[in-house]
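Below is one structure, written out as structure tokens; the observations come after it.
In our numbering, the protein residues as written are 1 to 248.
Following this line, the structure appears as structure tokens:
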């Protein structure tokens with residue numbers, strides 16, 4: 001079972017076991033790889049190292065996302081938000097494209113030089129790792145697109161209420177509001193619709209602690225005091241009460 005902030009999955013265990021076995025096998029047969037036309041041993045080391053760093057940064061992102069609730073202070077949430085921007089930029093714009101290109105290169109090298117691998121078992125191990133790499137890269141793309149479409153659908157519902165949306169805003173919302181917070185909000189929305197549809201207000205799915213934090217932030221907003229009642233606007237358009245001199 002995944003833990004928020006850790007998110008250790010079964011394929012992490014599979015990767016670590018293959019990493020340990022491959023390090024031992026490659027180190028033992030390191031010199032024999034020099035007979036190959038292409039440096040397959042270098043490819044294995046670079047690929048495993050990149051995947052390890054990629055998964056490690058995913059753990060870092062999960063840890064940052066786990067502490068982005070409204071019950072935390074603004075400075076702490078802002079720091080975590082900036083941290084997620086940096087981590088996700090490295091993952092999506094640097095490591096992910098590199099892994100795709102490096103996996104394709106490894107496939108071409110393996111196809112033309114598989115006969116030079118020291119043992120028959122290593123051929124199957126290399127092939128299994130290539131398949132695992134392609135499956136992992138495709139799965140990451142599919143899950144990311146699925147989350148993006150889900151979040152975009154939520155923004156489209158807001159657009160029906162007159163709130164403007166944009167593709168950039170959807171991406172920014174995915175970073176600012178982690179998946180666990182979005183799922184919790186959706187669950188509260190369904191419960192609210194089932195319990196009292198008349199009192200249901202879309203977009204306000206806050207716990208007691210979060211609501212108190214929002215109220216505290218509202219109280220910190222700058223206040224202005226009326227020195228005179230405007231002639232062309234003598235009452236509040238929201239509460240319909242008349243303005244008086246000295247109102248905040």
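A virtual CB, placed ideally from N, CA and C, is assigned to each residue, including glycine.
Proximity below 8 Å, CB of residue 113 to CB of residue 38: What you label residue 113 is simply residue 113 of the chain shown in a count that begins at 1. What you label residue 38 is simply residue 38 of the chain shown in a count that begins at 1. Yes; because the gap between Cβ atoms is below 8 Å, this pair is in contact.
Nearest residue (CA-CA) to residue 176, options 80, 23, 20, 59: Locating residue 176 in the chain shown gives position 176, where the first residue counts as 1. Minimum Cα distance to residue 176 is reached at 80.
Coarse secondary structure for residue 166, derived from DSSP in three states: Residue numbering aside, residue 166 sits at position 166 when the chain shown is read from its first letter. DSSP places residue 166 in coil when its eight states are reduced to three.
6 Å CB neighbourhood of residue 77 in its chain, flanking five on each side removed: Working through the chain shown from its first residue, we reach residue 77 at position 77. The answer, listed in chain order, is 68.
Through-space distance from residue 50 to residue 36, alpha-carbon basis: Position 36 of the chain shown, counting from 1, holds the residue named residue 36. Position 50 of the chain shown, counting from 1, holds the residue named residue 50. Using only the alpha carbons, I get a separation of about 23 Å.
When 148, 178, 159, 24 are compared against residue 170, the one with the closest alpha-carbon: Walking along the chain shown from the start, residue 170 turns up at place 170. Looking at the Cα atoms, 148 is the closest of the given residues.
Outcome for residue 84 when other beta-carbon atoms lying within 10 angstroms are tallied against a minimum of 16: The count along the chain shown starts at 1 and reaches residue 84 at position 84. With 16 or more Cβ atoms within 10 Å of its Cβ, residue 84 is classed as buried.
Sub-8 Å separation of residue 270 and residue 93 beta-carbons: In this structure the chain extends from 1 to 248, so residue 270 is not present and cannot be described.
Complete alpha helix (DSSP H) runs within the segment 37–69 (minimum length 4 residues, chain order): 40–66
Neighbourhood of residue 12 by C-beta, 7 Å cutoff - its chain only, sequence neighbours within 5 removed: The residue labelled residue 12 in the question sits at position 12 within the chain shown. Closer than 7 Å at Cβ, skipping near neighbours: 55.
Burial state of residue 218 (16 or more Cβ within 10 Å): Looking up residue 218 in the chain shown gives position 218. With fewer than 16 Cβ atoms within 10 Å of its Cβ, residue 218 is classed as exposed.
Secondary structure of residue 225, DSSP reduced to three states: Position 225 of the chain shown holds residue 225. Here residue 225 sits in coil by DSSP.
Alpha helix (DSSP H) segment containing residue 19, residue limits: In the chain shown, residue 19 corresponds to position 19, counting from 1. Run containing residue 19: 10–28, per the alpha helix (DSSP H) assignment.
Identity of the residue in 22, 145, 141 nearest residue 44 by Cα: Sequence index remark: in the chain shown, residue 44 carries index 44 (1-based). Nearest option by C-alpha distance: 22.
Nearest-angstrom Cα separation, counted from residue 225 out to residue 62: Reading the chain shown from its first residue, position 62 is the one you call residue 62. Reading the chain shown from its first residue, position 225 is the one you call residue 225. Going by the C-alpha atoms only, they are around 44 Å apart.
Proximity to residue 9 [Cα-Cα], best of 48, 58, 34, 101: Residue mapping note: residue 9 aligns to position 9 of the chain shown, counting from 1. Closest option to residue 9, Cα to Cα, is 58.
Residue 137 beta carbon less than 8 Å from that of residue 110: Translated into positions along the chain shown, residue 110 becomes position 110. Translated into positions along the chain shown, residue 137 becomes position 137. Cβ atoms of residue 110 and residue 137: not closer than 8 Å.
Close beta carbons around residue 203, own chain, < 8 Å, minus the five adjacent residues each side: Position 203 of the chain shown, counting from 1, holds the residue named residue 203. Here residue 203 scores only 46 on pLDDT, less than 50, and its place in the model is too uncertain to base an answer on.
CA nearest to the CA of residue 19, picked from 88, 165, 221, 128: Indexing the chain shown from 1 puts residue 19 at position 19. For the residues 88, 165, 221, 128, the minimum Cα distance to residue 19 belongs to 128.
Euclidean distance between Cα positions of residue 16 and residue 133: Within the chain shown, the letter at position 16 stands for residue 16. Within the chain shown, the letter at position 133 stands for residue 133. Whole-angstrom Cα-Cα distance: 14 Å.
Cα-Cα separation, residue 156 to residue 150: As a working mapping, residue 156 is identified with position 156 in the chain shown. As a working mapping, residue 150 is identified with position 150 in the chain shown. Looking at the two C-alpha atoms, the distance is approximately 10 Å.
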